[in-house]
Amino acid sequence: MSAMLKVQVWRGGADGAFEAFEVPRRESQTVLDVVTHIQRALDPTLAYRYACRVGMCGSCAMTVNGAARWTCRTHVDKVAKDGRLSIAPLRNLPVIRDLVADLREFFDKWARAGGQFRGARTKADDFARVSPQSDARQLADAGIECIGCAVCYASCDVVARLPAYLGPAALNRAWTLVSDERDAGGAERLRAVAGDAGALSCHTHMSCTERCPKNLSPTAGIAGLKRAVARAALAGEL
Amino acid sequence: MSARGETLLWIAQRASAAVLALCVTVHLVTIVYATQGGLSGAEILGRTRGNVAWGAFYVVFVLAAAVHAPIGLRAVLAEWFGWRGRARAFLLIAFAVLLAGLGLRAVAAVFA
Amino acid sequence: MSRWLAYAHRLSGIALAVFLPVHFWVLSRALELDAFLAWTEQPAVKAAEWGLVTLLALHLAGGLRVLALEFLPWRNWAGGLAAAAAVATFAAGMAFALAL
Numbered sequence: 010m011s012a013m014l015k016v017q018v019w020r021g022g023a024d025g026a027f028e029a030f031e032v033p034r035r036e037s038q039t040v041l042d043v044v045t046h047i048q049r050a051l052d053p054t055l056a057y058r059y060a061c062r063v064g065m066c067g068s069c070a071m072t073v074n075g076a077a078r079w080t081c082r083t084h085v086d087k088v089a090k091d092g093r094l095s096i097a098p099l100r101n102l103p104v105i106r107d108l109v110a111d112l113r114e115f116f117d118k119w120a121r122a123g124g125q126f127r128g129a130r131t132k133a134d135d136f137a138r139v140s141p142q143s144d145a146r147q148l149a150d151a152g153i154e155c156i157g158c159a160v161c162y163a164s165c166d167v168v169a170r171l172p173a174y175l176g177p178a179a180l181n182r183a184w185t186l187v188s189d190e191r192d193a194g195g196a197e198r199l200r201a202v203a204g205d206a207g208a209l210s211c212h213t214h215m216s217c218t219e220r221c222p223k224n225l226s227p228t229a230g231i232a233g234l235k236r237a238v239a240r241a242a243l244a245g246e247l
Numbered sequence: 141m142s143a144r145g146e147t148l149l150w151i152a153q154r155a156s157a158a159v160l161a162l163c164v165t166v167h168l169v170t171i172v173y174a175t176q177g178g179l180s181g182a183e184i185l186g187r188t189r190g191n192v193a194w195g196a197f198y199v200v201f202v203l204a205a206a207v208h209a210p211i212g213l214r215a216v217l218a219e220w221f222g223w224r225g226r227a228r229a230f231l232l233i234a235f236a237v238l239l240a241g242l243g244l245r246a247v248a249a250v251f252a
Numbered sequence: 005m006s007r008w009l010a011y012a013h014r015l016s017g018i019a020l021a022v023f024l025p026v027h028f029w030v031l032s033r034a035l036e037l038d039a040f041l042a043w044t045e046q047p048a049v050k051a052a053e054w055g056l057v058t059l060l061a062l063h064l065a066g067g068l069r070v071l072a073l074e075f076l077p078w079r080n081w082a083g084g085l086a087a088a089a090a091v092a093t094f095a096a097g098m099a100f101a102l103a104l
């Protein structure tokens, strides 16, 4: 194992280029450690994001050697097999500068997919009683841990090809609400996730499921949405 | 196209896929059987001509294919060529008619 | 794996969509069936037949995978369906090659 890593880092905007750095290799080093070293010791003008650095917030997501990952949870040993690293911003999103992507569209699509809970009760009503064992609740629970890191969105081939496609995270969130018996979103949300930009455009490449750092399966949620949308269409509710 | 329209196309695609899965399997098995047996053209046609049951099977097969292929191409045209709207719809409907027409003509030639 | 199978599924679909009208047109000329059957004995045609059957098997296996993912209850082996489809395609291709 050589003492130095050869790191290519994306600089600039969409029309930028990779810049080469040499970073001392350390034990248990993560890719976030590498980026931080570059910014602190080599080039203070490097722009990048992180917050918790312990795999809870998802802010540090970047493209490492071609795959979207949380850099704080990616050990250099795992990815830099021949001492080389390539670090770029998340794909499928506009680049603000260097390693920072613009996530506005990601969250806008979340809203467009009906990703907000719609309640039907007031403070005056009794609590909703939801059995954790019910089928619907288990389906919802399987998808609610999403923290909106955009790794799935950055990995999706359909997002890359169909700009209007809502994407795995937004659709997964919509599914958790469709499966939530308290939610009153109903046909309106199904309409939001049907059609060209919605669940029906998913081609089950499963890159989202493969790359999700929380081991969620947007493919499963999207499949659920496909069935729900189909049922609604046949029942004339869409 | 409306959300409802898109969804109905999706349903048609999956339904025709299920039908084709059956038809293709039956077709492959029978074709291998028919050609392995070294049957001559006359022998094959002797078995197929006037065979209403097999004729009906192939009519279903052809129509399922005429539904399935154009809808499949629809996604390819949108994603790889950025093509949407009326022109795409016309081309795909024309292709569906072509498949159904040629297919039914072939069924007639072999089974009628 | 799922990604590559999905692309192969799409490409095989396009190839089959191109092949199908030709197939129908040739069949409608069933009157000359003996001459046609003799022509199909040529090695190049046999190879093309094998190619088509393999493409068909690939498209069928990939399609069954999509139907399973979209309609069956989700299980952890769902990710392995792509590999299963690839194996099934290989098996079908081999079986047909041996039968030729």
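Protein chains in written order, with the numbering used here: chain V, 10 to 247; chain U, 141 to 252; chain W, 5 to 104. Even glycine gets a Cβ: it sits at the ideal position worked out from N, Cα and C.
Can you give the Cα-Cα distance for residue i and residue j, rounded to whole angstroms?
i, j, result
"V44 of chain V", "Y57 of chain V", "8 Å"
"L85 of chain W", "T131 of chain V", "45 Å"
"R100 of chain V", "T39 of chain V", "21 Å"
"L108 of chain V", "K50 of chain W", "54 Å"
"R114 of chain W", "A151 of chain V", "Residue 114 of chain W lies beyond the residue range present for chain W, which begins at 5 and ends at 104; the question has no answer from this structure."
"A244 of chain V", "R191 of chain V", "22 Å"
"I156 of chain V", "L175 of chain V", "17 Å"
"V30 of chain W", "E53 of chain W", "14 Å"
"A42 of chain W", "V199 of chain U", "27 Å"
"L199 of chain V", "Q147 of chain V", "20 Å"
"S142 of chain U", "A155 of chain U", "20 Å"
"G67 of chain W", "A157 of chain U", "7 Å"
"T188 of chain U", "A193 of chain V", "58 Å"
"W81 of chain W", "A248 of chain U", "45 Å"
"A90 of chain W", "L55 of chain V", "44 Å"
"I153 of chain V", "P210 of chain U", "37 Å"
"F230 of chain U", "A215 of chain U", "15 Å"
"K118 of chain V", "F27 of chain V", "30 Å"
"I171 of chain U", "A173 of chain V", "44 Å"
"G17 of chain W", "V166 of chain U", "19 Å"
Among the options, which residue has its Cα nearest to the Cα of residue i?
i, options, result
"M98 of chain W", "W:A19, W:R69, W:A87 and W:L62", "W:L62"
"F30 of chain V", "V:L41, V:I47 and V:A129", "V:I47"
"P216 of chain V", "V:P103, V:V160, V:E154 and V:A241", "Note that residue 216 of chain V is Ser in the sequence shown here, rather than Pro. S216 of chain V has its Cα closest to that of V:V160, out of V:P103, V:V160, V:E154 and V:A241."
"V16 of chain V", "V:D135, V:G92, V:G25 and V:T80", "V:G92"
"V250 of chain U", "W:V22, W:L15 and W:F28", "W:F28"
"L24 of chain W", "U:R226, U:R214, U:F230 and U:V202", "U:V202"
"A145 of chain V", "W:P77, W:F40 and W:L59", "W:P77"
"K235 of chain V", "W:V70, W:Q46 and W:E45", "W:V70"
Does the separation of the CB atoms of residue i and residue j fall below 8 Å?
i, j, result
"L209 of chain V", "A201 of chain V", "no"
"A149 of chain V", "S95 of chain V", "no"
"R82 of chain V", "P222 of chain V", "yes"
"A97 of chain V", "M71 of chain V", "yes"
"A232 of chain V", "L37 of chain W", "no"
"G83 of chain W", "T218 of chain V", "yes"
"G230 of chain V", "L180 of chain V", "yes"
"R34 of chain V", "A60 of chain V", "no"
"A48 of chain W", "T93 of chain W", "no"
"L41 of chain V", "R62 of chain V", "yes"
"C69 of chain V", "T80 of chain V", "yes"
"V73 of chain V", "L14 of chain V", "no"
"R7 of chain W", "H214 of chain V", "yes"
"L160 of chain U", "A204 of chain U", "yes"
"A239 of chain V", "W150 of chain U", "yes"
"A87 of chain W", "M5 of chain W", "yes"
"A95 of chain W", "L213 of chain U", "no"
When you check each C-beta in the region 199-226 of chain V against every C-beta of chain U, which residues fall closer than 7 Å?
-> R200, A203, G204, D205 and L209
Assess, as a yes-or-no matter, whether the region 226-241 of chain U is touched by the region 178-198 of chain U under the definition of 3 or more beta carbon pairs within less than 8 Å.
-> no
Do the region 170-184 of chain U and the region 203-222 of chain U meet, that is, are 3 or more Cβ pairs less than 8 Å apart?
-> no
Can you list, in chain order, the residues of the region 154-167 of chain U whose Cβ is nearer than 7 Å to any Cβ on chain W?
-> R154, A157, A158, A161 and V164
Contact the region 239-247 of chain U vs the region 181-189 of chain U: 3+ CB pairs below 8 Å = no
Quick one: any contact between the region 47-61 of chain V and the region 120-127 of chain V, if contact means 3 or more CB pairs under 8 Å?
-> no
Can you list, in chain order, the residues of the region 149-180 of chain V whose Cβ is nearer than 9 Å to any Cβ on chain W?
-> A151 and D166
Determine which residues of the region 232-244 of chain U have a Cβ less than 7 Å from any Cβ of chain W, and write them out in chain order.
-> L238, L239, L242 and G243
Could you list the residues in the region 200-231 of chain U with a C-beta less than 7 Å from some C-beta on chain W, going in chain order?
-> A205, A209, G212, L213 and V216
Residues in the region 235-247 of chain V having any Cβ partner in chain W nearer than 8 Å = K235 and R236
Listed from N- to C-terminal order along the chain, which residues in the region 69-90 of chain W have their beta-carbon within a distance smaller than 8 Å of any beta-carbon of chain V?
-> R69, V70, L73, E74, F75, W78, A82, G83 and A86
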